[in-house]
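Novice: Chains as they are written, first to last, in my numbering: chain A, -15 to 430; chain B, -15 to 430.
All C-beta atoms in this analysis are idealised placements derived from N, C-alpha and C, irrespective of residue type, glycine included.
Number of protein chains: 2
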Amino acid sequence: MYTVLLSGGSGKRLWPLSNDLRSKQYIKIFDEAEQGNEQISMVQRVVGQLKDSGIDKNLFICAGNSQLEIIHSQLGDIGVAVEPERRDTFPAVAISCAYALSYCGATEQDCMVILPVDPYTDEGYFKTLGELEGCLCESGADIALMGVVPDCPSTKYGYIVPNENAGRYSSVLEFREKPDEETAKQLISRNAVFNCGVFCFKISLICDILRNMGLKADYDYLYANYEKLPKISFDYQVLEKCDNMIVVPFMGMWKDLGTWNALADEMQRETIGNAIVEQCDNTRVINELDIPIVANGLENIVIAASADGILVTEKTKSENIKNTVSRLDIPPMYEERRWGTLKTVDRGETNLTRHVKMFAGMVSSYHYHEKRNEVWVFLKGTGEMILGNMKMSVSAGMSLTIPQGANHIIKAVTELEFLEVHIGEPNTNDIHRLSFDWDEVEKTTV
Amino acid sequence: MYTVLLSGGSGKRLWPLSNDLRSKQYIKIFDEAEQGNEQISMVQRVVGQLKDSGIDKNLFICAGNSQLEIIHSQLGDIGVAVEPERRDTFPAVAISCAYALSYCGATEQDCMVILPVDPYTDEGYFKTLGELEGCLCESGADIALMGVVPDCPSTKYGYIVPNENAGRYSSVLEFREKPDEETAKQLISRNAVFNCGVFCFKISLICDILRNMGLKADYDYLYANYEKLPKISFDYQVLEKCDNMIVVPFMGMWKDLGTWNALADEMQRETIGNAIVEQCDNTRVINELDIPIVANGLENIVIAASADGILVTEKTKSENIKNTVSRLDIPPMYEERRWGTLKTVDRGETNLTRHVKMFAGMVSSYHYHEKRNEVWVFLKGTGEMILGNMKMSVSAGMSLTIPQGANHIIKAVTELEFLEVHIGEPNTNDIHRLSFDWDEVEKTTV
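1) Take L171(B) and list the residues in its own chain whose beta-carbon comes closer than 7 Å to its own, dropping the five residues that flank it on each side.
2) R311(A) CB to nearest chain B CB: under 8 Å?
3) Starting from the N-terminal side, write out each stretch of the beta strand (DSSP E) that is 3 residues or longer and does not extend beyond the segment 258 to 314 of chain A.
4) Taking 8 Å as the threshold (beta carbon to beta carbon), is D164(A) in contact with chain B?
5) By alpha-carbon positions, which one of S2(B), A380(B), G114(B) and S7(B) ends up nearest to T(-13)(B)?
6) With 8 Å as the threshold, decide whether the Cβ of M369(B) is near any Cβ in chain A.
7) Give a yes or no on whether 8 Å exceeds the smallest Cβ distance from I331(B) to chain A.
8) Within 10 angstroms of the Cβ of Y220(A), are there 16 or more other Cβ atoms? Answer buried if so, exposed if not.
9) Nearest-angstrom Cα distance between L129(B) and E122(B)?
10) Give, in chain order, every residue of the segment 361 to 392 of chain A whose Cβ lies closer than 9 Å to some Cβ of chain B.
11) Tell me which residues share the same chain as P315(B) and place their Cβ nearer than 7 Å to its Cβ, disregarding the 5 neighbours each side in the sequence.
12) Is the segment 182 to 195 of chain B touching the segment 34 to 45 of chain B, taking contact as three or more C-beta pairs under 8 Å?
13) Once the 5 residues before and after T428(B) are set aside, which same chain residues still bring their CB inside 6 Å of it?
14) Would a check of beta-carbon distances place P315(A) closer than 8 Å to chain B?
15) Among residues of its own chain, excluding the 5 on either side of E158(B), which ones have a beta-carbon nearer than 6 Å to its beta-carbon?
16) Looking at the structure shown, is Y220(A) part of a helix, part of a strand, or coil, going by DSSP?
17) Who are the near neighbours of S80(B) in its chain, counting only those whose CB is closer than 6 Å to its CB and skipping five residues on each side?
18) Is the segment 372 to 388 of chain B close to the segment 315 to 332 of chain B, with three or more CB pairs under 8 Å?
19) Could you tell me whether the segment 273 to 282 of chain A touches the segment 251 to 265 of chain A, using the rule of 3 or more Cβ pairs below 8 Å?
20) Within the segment 400 to 426 of chain A, note down every full alpha helix (DSSP H) run reaching 4 residues or more, in order along the chain.
21) First and last residue of the beta strand (DSSP E) that includes L99(B)?
22) Is it true that the CB of R(-3)(B) sits closer than 8 Å to the CB of T337(B)?
23) Relative to the alpha-carbon of I24(A), which residue among L34(A), K35(A) and Q9(A) has its alpha-carbon at the smallest distance?
24) For the segment 339 to 353 of chain A against the segment 394 to 405 of chain A, are there 3 or more C-beta pairs whose distance is under 8 Å?
25) Apart from the five residues on each side of it in sequence, which residues of its chain come closer than 6 Å, Cβ to Cβ, to I256(A)?
26) Going by other Cβ atoms of all chains shown within 10 Å of its Cβ, with 16 needed for buried, is T91(B) buried or exposed?
27) Go ahead and pull the three-state DSSP assignment for W360(B).
28) In this structure, what does DSSP give as the bridge partners for I144(A)?
29) Can you tell me which of the three DSSP states Q23(A) falls into?
30) For I275(B), collect the residues of the same chain with a Cβ closer than 8 Å to its Cβ; drop the 5 residues on either side in sequence, then sort them by chain order.
31) Figure out for me which residue from E298(B), A288(B) and R331(B) has the closest Cα to the Cα of P0(B).
32) May I have the straight-line CA-CA distance separating R70(B) from Y203(B), to the nearest angstrom?
33) How big is the Cα-Cα spacing for V425(B) and Y350(B)?
34) Check R29(A) in the structure and name its three-state DSSP category.
35) Less than 8 Å between the CB atoms is what I'm expecting for L(-10)(B) and T112(B), so what's the real figure, rounded?
36) In the DSSP assignment, what residue or residues form a beta bridge with R338(A)?
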């Protein structure tokens, strides 16, 4: 069985801790006893739970290009089926199947389980997940869905209504979109369960659909032809057209931590980061900034601060912020990359300064900038650098100018920190990457 | 008549917009129609009101050393009687008298009016202020006080109780410290008024006291011997010992804006700076940071953010914050100086980066650092610099290293911005100033 974590798009709902380069699933917010006092993110928590349940053998992630570096930073060496652009969940499932076939040794007869990257749940969920393949084969169904047994008539989720047979699984009678509360109560009386976005199928099911569309289930081909896939959800493209499905219920803790209200409820600590909370009730502070936050006399408030901005919201009204935040037109100020982190610390009309941290041993891309000069000021650690055809050692206290057009690459010998000051047009997209690695570039130096 | 604005000490009560180098009276928070859309500070507002009332002829400020640069930045060329250290209000009044005698051409027979720098009041207050000298002379009293006619039995202020004669002024029967509400009501029934810290006297009154202490009413002498002055308030040292005082009542708007609660009520705008307020009630945001603040669904909240930190407080509970904030051990991150501003933008254990802005034409001190190297990266504008015995022109894009021990001085030709990166021991007090000006230093360059 191949297991795929579907990593959704960027969430503005958890701004300012999520941005285009850091979706909510990467926010480090959970305490994990095994990890000492370190916080871990949703995706780290889920991958840990999959490992604990023994479902990590053929595990990979399907995610957008912009998440690649943070995935490797948080999870190390894990396979990634890359969506070249965002086109909804059916294309994501399709390219995941292609990835399994092209790069993981899967055949069309193998089963695949898809699950979201951000469930907040317990081990029962993963146990049920592990049983889906067996249920699929035993029943002869085309798709096995997992359903969460409702703990209340929620209006936030879609429902799956089963037929009335009552074994380990049931065939699916119908799907219902988010109902009103009255309808939800009726659905529950018919043993309906929440649709939690978990489905298991034979890879051939998707390959057949692709072939009908005139497309090939090959990863490199689909990556290059991604725009030919329809922008449609897996639910509309596949589930609604399938008449041979079963649903396997899971009863246990399961939450959608998609709003600050829900997320703050799961924060064990009152504060994360530099913060003082005084005479407050049911209030949470998450501060990624260096400067302190003082919360005084508050009730039911969430405060979240990052280099991107500061949010202060009443907890139960935190669903609004997505729309408010989309009115802000600011570039991401903090980015996690494969090789380290980037933080914008100062900005002007014609200049921009970033504090760069590189992990020991990491190498940047080989690149140049067309419209700006850069001044680098080394703050900490040691590295090696090639600028033009000159190779040099760098260390704390040194500074150098990188003229526009000059090729450069840097390697962190120890953990390395420097300020990167852009002078000219402050556009972080002005980077021209050259496809040489360190060893190739080194041969050209004097 | 000499008019002295007594500028009190640093307030942590309005943290993070006040710090040791910026007291609350310098926060730019008021709209002023005449100034276009610019905000002005309390001290700018009061000085403007004094000018409008024609009481600005012999006007100066008494303030601590650390406020000198911000005073000149906000008020331009105004006289300052400098307290070399904080020693309460009697020493401040004493050195103000000495300053008037030594540097403003005053004689001991001249009158002086002292007022706090931060009253939030209207023109009637300044009209009454202008009448104090006449009342003092006419009555033959030693001290004329101004009293504010109470609008409620407040327990926050001291009261002045008059004798029962009912002319433009009355002689003073007694002082009462902050009373309970019941006592306040009784005091008001006896025509008592709030003590608002405004007093008028002949300068000789203070000179006599100083002579009795064996001290001279000379500015340079008192500045050098300031520690010989007792740490005592003007009220205890002078008022309580005086039995020939009058009080002149003022009836009108008068407020103490010493807490965020009071201050926020006078803010005409819902937000100052980069902020979005959504579905909020009676909420104010003051943001001096570059990054946006989003306030969502809040009631009765004040949010204030500066480079020093972020405060989120329930309005009526804002009196607490002074104690909470004194638990924070952080150096000021934003400083206003005579020649421009300094903002700390990045900090590490062995490095610190400040964004420096200098006004056109301004010159730094001539100085060196003992324990750090500095790298300067020029972002904007042009300047001239002397480093060691080298003179050079600097402009955007340039960078240079200032080794520890190397003397340097810089002059802004146009408005000039640069990053000052400290590498080594990040201690902003490691600055050794040399008493040479630009012209003297220039002669030594090659």
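Specialist: Inspection of the coordinates gives the following:
1) Y143, V145, R160 and P163
2) Between R311(A) and chain B, the shortest Cβ-Cβ separation is below 8 Å.
3) 259 to 262, 268 to 271, 277 to 280, 285 to 290 and 293 to 298
4) So, not an interface residue.
5) G114(B)
6) No, because no Cβ of chain A sits closer than 8 Å to the Cβ of M369(B).
7) Inspection of the sequence shows that residue 331(B) is occupied by Arg rather than by Ile. Yes, R331(B) counts as interfacial toward chain A.
8) Counting every other CB atom within 10 Å of its CB across the protein chains shown gives Y220(A) a total below 16, marking it as exposed.
9) 14 Å
10) V361, F362, L363, K364, A380, G381, M382, S383, L384 and T385
11) T412
12) no
13) These residues qualify, in order along the chain: N373.
14) no
15) V145
16) helix
17) Excluding positions up to five away in sequence, the list reads V(-12), C46 and A65.
18) no
19) With a cut-off of 8 Å on Cβ pairs, the segment 273 to 282 of chain A is in contact with the segment 251 to 265 of chain A, counting three or more such pairs.
20) Correct list: empty.
21) C95 to P100
22) no
23) Out of L34(A), K35(A) and Q9(A), Q9(A) has the C-alpha closest to the C-alpha of I24(A).
24) yes
25) I270
26) exposed
27) It is a strand residue.
28) F159(A) and V177(A)
29) strand
30) N258
31) A288(B)
32) 16 Å
33) The alpha-carbon separation between V425(B) and Y350(B) amounts to approximately 8 Å.
34) helix
35) Rounded, the Cβ-Cβ distance is 17 Å, inconsistent with contact.
36) T328(A) and E404(A)
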